[in-house]
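full-length UniProt numbering puts the sequence shown at residues 1 to 162. No residue lacks a Cβ here, since even glycine has one placed at the ideal position from N, Cα and C. It should be emphasised that the depicted structure is a prediction, and the values quoted were computed from it without experimental measurement. First comes the structure, then the notes that go with it.
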Amino acid sequence: METDRKTAVEAVTSELREEREEKQKVKERWQREGKKVQALEEQLAEEKDAHDSFRRASMRERAEITDARDVAQRQLETMRGEHRLKVAHVEQLQAELLEAHDRVKRLECSERQVSTELAQLKEESTRLLAAIKVKDDTTQTMKAEMRHVQAHLSNLNAMLNS
């Protein structure tokens with residue numbers, strides 16, 4: 001019996017030793033797994049920090065892009081307004097140019113009309129000058145004839161008086 005007991009004690013001791021070894025292996029595995037879990041948790045925390053950092057940078061960049069877009073939109077609106085003003089000014093200048101062109105045409109017509117009237121006046125003036133010259137010549141001739149007649153009358157008067 002003692003042998004049986006010894007064998008049973010050895011068997012129990014062996015089982016206990018195996019259980020202890022098994023427990024030790026499990027404990028070591030848990031420690032290894034715990035270290036892995038801790039490493040993963042640290043990696044997760046780092047990745048979460050990196051993600052948060054990226055998200056903040058992304059939000060800043062998005063805000064900058066939005067601000068830049070708003071500035072560009074305002075500049076575009078300003079440029080469109082300036083363009084509309086320039087187009088209106090060009091249209092006004094075109095209208096003024098057409099009006100000036102019409103005035104030039106009217107002035108050219110008036111100039112031709114004045115030139116025509118001037119030519120007619122020159123012709124009339126030349127004719128009148130010729131008529132005046134003829135009258136002047138006639139007047140001179142008549143004066144000469146009147147002097148001649150007066151001289152003749154004076155001679156006749158002198159003959160009558162003597």
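Residue 14, enclosing alpha helix (DSSP H) - first and last residue:
2-161
Rounded to whole angstroms, what's the CA-CA distance from residue 88 to residue 78? Just pull it up for me.
Looking at the two C-alpha atoms, the distance is approximately 15 Å.
Nearest-angstrom Cα distance between residue 20 and residue 48?
40 Å
Residue 158 versus residue 149: straight-line alpha-carbon distance, rounded
14 Å
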